[in-house]
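A short worksheet on the structure shown next.
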Amino acid sequence: MSEPPLKKKRTLLDFFRKKPKSNSDELVKDKKVEIIDVEMAESEAGKSAKPAGNPVNKVFNDITTQGFGASFDGKGAQASFTKKPEMILKTSSLGDTLKYDETLEYNIDSDMADSQGSQDGDSVKPDIPTRKPSQRKANSDWKGKPLNQLNKIPDCMDKLPSLHSTENHTVLIKVPYKYDPKTLPMPHPAQYKDGWNNDHVKMPCSPQNEYPFQGKNNKQILRKRWEIIEEALLSKIPGPYELEDVILKYNSRYFGKWNFETLKSLFIENLAECERNHFFGEVLPKIAKLALSLPHLCTQPIPLLKKGKTRSITLSQQQIACLLANAFFCTYPRRNAKGKTSEFFNYPSINFNSLYDGMPNEVKMEKLKCIIQYFSRVTKKMPTGLVTFTRQCVGHIDFPKWDSLDTPLRDIHVSAEGTIEDDGEGLLQVDFANKYLGGGVLTHGCVQEEIRFLICPEMIISRLFTEGLEKNESLIMKGCERFSSYDGYAKTFEWKGDYDDSKTPRDDWGRLCTHVTAIDALVIHYYDKQFRGDIVKRELNKAYCGFVSLGGGKNPPNEMNLSAVCTGNWGCGAFGGDKRLKALIQLMAATAAKRDVCYYTFDDDRLKNDIYNIHQYLTVTNQLGIDTILKLIERYEGVLRKSRKKPNMNLFEYIVKVFDGSLENTDSEPDSPAIEREMSAMCSKGDEVSNNSFKRQLSDDYKANTP
1 MSEPPLKKKR TLLDFFRKKP KSNSDELVKD KKVEIIDVEM AESEAGKSAK
51 PAGNPVNKVF NDITTQGFGA SFDGKGAQAS FTKKPEMILK TSSLGDTLKY
101 DETLEYNIDS DMADSQGSQD GDSVKPDIPT RKPSQRKANS DWKGKPLNQL
151 NKIPDCMDKL PSLHSTENHT VLIKVPYKYD PKTLPMPHPA QYKDGWNNDH
201 VKMPCSPQNE YPFQGKNNKQ ILRKRWEIIE EALLSKIPGP YELEDVILKY
251 NSRYFGKWNF ETLKSLFIEN LAECERNHFF GEVLPKIAKL ALSLPHLCTQ
301 PIPLLKKGKT RSITLSQQQI ACLLANAFFC TYPRRNAKGK TSEFFNYPSI
351 NFNSLYDGMP NEVKMEKLKC IIQYFSRVTK KMPTGLVTFT RQCVGHIDFP
401 KWDSLDTPLR DIHVSAEGTI EDDGEGLLQV DFANKYLGGG VLTHGCVQEE
451 IRFLICPEMI ISRLFTEGLE KNESLIMKGC ERFSSYDGYA KTFEWKGDYD
501 DSKTPRDDWG RLCTHVTAID ALVIHYYDKQ FRGDIVKREL NKAYCGFVSL
551 GGGKNPPNEM NLSAVCTGNW GCGAFGGDKR LKALIQLMAA TAAKRDVCYY
601 TFDDDRLKND IYNIHQYLTV TNQLGIDTIL KLIERYEGVL RKSRKKPNMN
651 LFEYIVKVFD GSLENTDSEP DSPAIEREMS AMCSKGDEVS NNSFKRQLSD
701 DYKANTP
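In full-length UniProt numbering, the protein residues as written are 1 to 707.
Right, here's the structure in full:
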């Protein structure tokens, strides 16, 4: 899951609380003002004068570091890094205050973790794992339906139609097309066609892309930016300082703002000289050549996947590599501004400058190793397959009528050991997404979604054209290849070498049979709120958006052709959701989408047993439909609301107790007149009031406001 925003919820009482000021507080305030002054001085468009001093660099220079590092082995396409003694990073008295602005949104130890409680219920503190789950073994303990009996692709797939462009599907290669592992797909059309407008990606090589440049007699002139990029990337780049100079030649207005300290630290302090020389002497020139092939490889305007419309883009892995090479060199125009009035405010960032920026830390170093590994592989041997990105928008009238859906839950396979990416082959794998795809992959975030994007870097290109997801949308990625292995999680994430994905079969379009669906959960600030009917419905609808197959034809797809969903603790961890509630929500959504579920609990044996037991109870012991389960969840929220704290019994325990009559209040038994009257009242109220309340109260949570 992507890391959420760290917004502190404020109450009226917060305005009356006084926080004593300390000397360090005053120092932080002064430093913040100094940074703002420097940025304001640099903000005038077209001016590239270097500021007198950079306070970020000043603080960085005051920090002493000792050798954590790695070596890059340039043999073949394999990148390998050897650990040196751990870096000892002495944190300054200013803490994280002077980090690059975006990183503040990913500092899990700040606002969100310390959020104040309220009379409405206990505040939620993020529960973020610090290690990768145990590897699944042949004798691993699992429960439910055997894994080999779940529907998997390609075995369950229906025959694909011939590949061609339609109104809602843009194909960037020449068709008709038949996959050949030895032949690269041909771009279409043969000559570059520009699309500099509000409906397409603004390409670096567009003739409309102009940039102020200092000409003769120090006069500012407008030049074609692609000409500046070509001159810069064709020059010799022997090291990280020269790479910084090259990138700033066509991003001069960010001189003094982008400090490249992480990039410099990786190549100067952490890599052996021979590996550094290999990267800059062999690999980097090939990345530059790949980037400069943009007008020859991506000849068709790339549509933006805008909100409110189902639309697909299919492109070759070579085209993706070219687009990512341009992200590596930070060439995309109009994508660096972050103001609310900027053109791409509602899109994730795509240029890699934020990955190079800021105070060096181990996680960013490991991220860069994943990127280096990807480019080392594709510049040696380019993959020849295709990848499809589909923004899936479900109309509000097309959602299931949850309150009257009496369908019992479908089958489940649940295991504590294993991960979605390692053990979900052939299944519809869930990306615990941020509404802005990739979350903090290019900054400091490093949880489920960020890790998936790092080991499968082709997913990063979705950030180029995918607008922030709405509550009735998902993004489905088919065919992205995995290039890296990893260990650890969050702050302990570590690149562990090459990953060979060649055993994964391909479909008739040449796409790897790896399907990933990105769905963004709500951020939970107060524990009891998440059980409210309107919030549960929002999460049900969101999961359904990612699980349902719209097919594209008049007839819905046969459930025999639908692979099972492979998921885990979606919306929990950094997002603060209750694991049992989210598991039940995903089970209900998958049932409505006619898919079974494979669930990995992240080494939580108790959760594994609880999920299996409640599934057995709701499907065998006391079979209930989705409508009744939802009413029970809403009753549980009432219990929480009255107690104003976490109860002694969890949701699953409550459901069983309601039916076995062991609750203290006998009127809570399901067959009693009291519960019948209450459930009837819940159904008769309708959704109108709760939906309006939901929009009003949860807009801050849903907006997320994270890159």
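Even glycine gets a Cβ: it sits at the ideal position worked out from N, Cα and C. Please read these numbers as outputs of a predicted model, since none were measured by experiment.
Per DSSP, which one or two residues make a beta bridge with residue i?
i	result
Y486	W495
T388	T314 and K478
H515	L428 and K478
C456	Partner(s): none; C456 has no beta bridge.
D520	A433
G144	H413
C446	According to DSSP, C446 bridges with nothing at all.
S123	Y526
C393	E473
P187	I173
R506	L512
H200	P303
T466	L305
T166	H169
Taking only beta-carbon positions, decide if residue i is within less than 8 Å of chain D.
i	result
I229	The chain labelled as chain D is not found in the depicted structure, where only one protein chain is given.
On the premise that residue j lies in contact with residue i, defined as a C-beta separation below 8 Å, what is that separation, rounded to the nearest angstrom?
i	j	result
L284	I460	That pair is no contact at about 19 Å.
Q530	L587	That pair is no contact at about 16 Å.
A593	F547	4 Å
D564	L160	The sequence given here has Ala at residue 564, not Asp. Not really, about 20 Å apart at Cβ, beyond 8 Å.
Y193	T341	Correcting the residue identity first, residue 193 is Lys in this sequence and not Tyr. In fact, because the Cβ distance is near 30 Å, the residues do not count as touching under 8 Å.
I287	F328	6 Å
Q392	H515	At roughly 12 Å, the Cβ-Cβ gap does not stay under 8 Å, so Q392 and H515 are not in contact.
R511	L427	Contact flag wrong, Cβ pair sits at about 15 Å.
T384	P556	T384 to P556, Cβ: 33 Å. No contact.
E458	N434	That pair is no contact at about 18 Å.
Y250	R225	6 Å
L304	F453	L304 to F453, Cβ: 19 Å. No contact.
Considering Cα atoms alone, identify which of the options is closest to residue i.
i	options	result
L469	P133, K307 and M203	K307
D398	G256, L550 and G358	L550
residue 711	V124, K143 and I524	Nothing can be reported for residue 711: it is not among the residues displayed for the chain, which extend from 1 to 707.
E210	S252, S235 and V175	S252
I585	K631, N555 and M560	K631
V414	H169, T621, L405 and G424	G424
C566	G573, R595 and P181	R595
C572	V447, M560 and L464	V447
C545	D155, I228 and K309	K309
N277	D245, L297, I287 and I237	I237
L233	K289, K145 and S206	K289
S462	D155, I350, S662 and P240	I350
P146	G195, T443, Y254 and I412	I412
D406	P303, S474 and A589	A589
R410	I626, C456, D141 and R506	I626
D158	D508, T591, H525 and V536	D508
S293	T517, E269 and Q191	Q191
V658	P133, I629 and I268	I629
K174	Q319, H444 and R391	Q319
T443	V656, L663 and P360	P360
W570	V523, E559, P240 and Y527	V523
K137	A543, F465, A574 and G418	G418
E242	W226, N217 and I268	I268
T621	G479, L475, K249 and I655	I655
P134	Y489, C456 and Y374	According to the sequence provided, residue 134 is Ser. The question's Pro does not apply to it. When only C-alpha atoms are compared, the closest one is Y489.
K471	Y526, S165, T504 and H396	H396
N346	A521, R644, L222 and E467	E467
Q: Decide yes or no for the touch test of the region 481-501 against the region 364-383: beta carbon pairs closer than 8 Å, at least 3 of them.
A: Contact holds between the region 481-501 and the region 364-383, because three or more Cβ pairs, one in each stretch, are under 8 Å apart.
Q | Cβ contact check for the region 633-644 and the region 600-613: 3 or more pairs under 8 Å | A | no
Q. At what residue ranges does the region 210-238 contain a whole run of the alpha helix (DSSP H), taking only runs of 4 or more?
A. Runs found: 225-234.
Q | Ranges of the alpha helix (DSSP H) found wholly within the region 274-340, counting only runs of at least 4 | A | 284-292, 294-297 and 317-328
**Q.** Cβ pair count under 8 Å reaching 3, the region 199-208 against the region 327-336
**A.** yes
Q: Report yes or no: do the region 122-135 and the region 400-411 share at least 3 C-beta pairs separated by less than 8 Å?
A: no
**Q.** 3 or more residues per run - each beta strand (DSSP E) lying fully within the region 566-648
**A.** 597-600
Q: Flag this pair as touching only if the region 614-625 and the region 426-444 have three or more C-beta atom pairs under 8 Å; answer yes or no.
A: No: fewer than three Cβ pairs fall under 8 Å.
(Q) Quick check: the region 156-171 against the region 311-328, are at least 3 beta-carbon pairs closer than 8 Å? (A) yes
Q) Counting Cβ pairs closer than 8 Å, one from the region 347-362 and one from the region 262-272, do we hit at least three? A) yes
(Q) Threshold first: 4 residues or longer. Then list the alpha helix (DSSP H) segments lying entirely within the region 348-373, N to C. (A) 353-356
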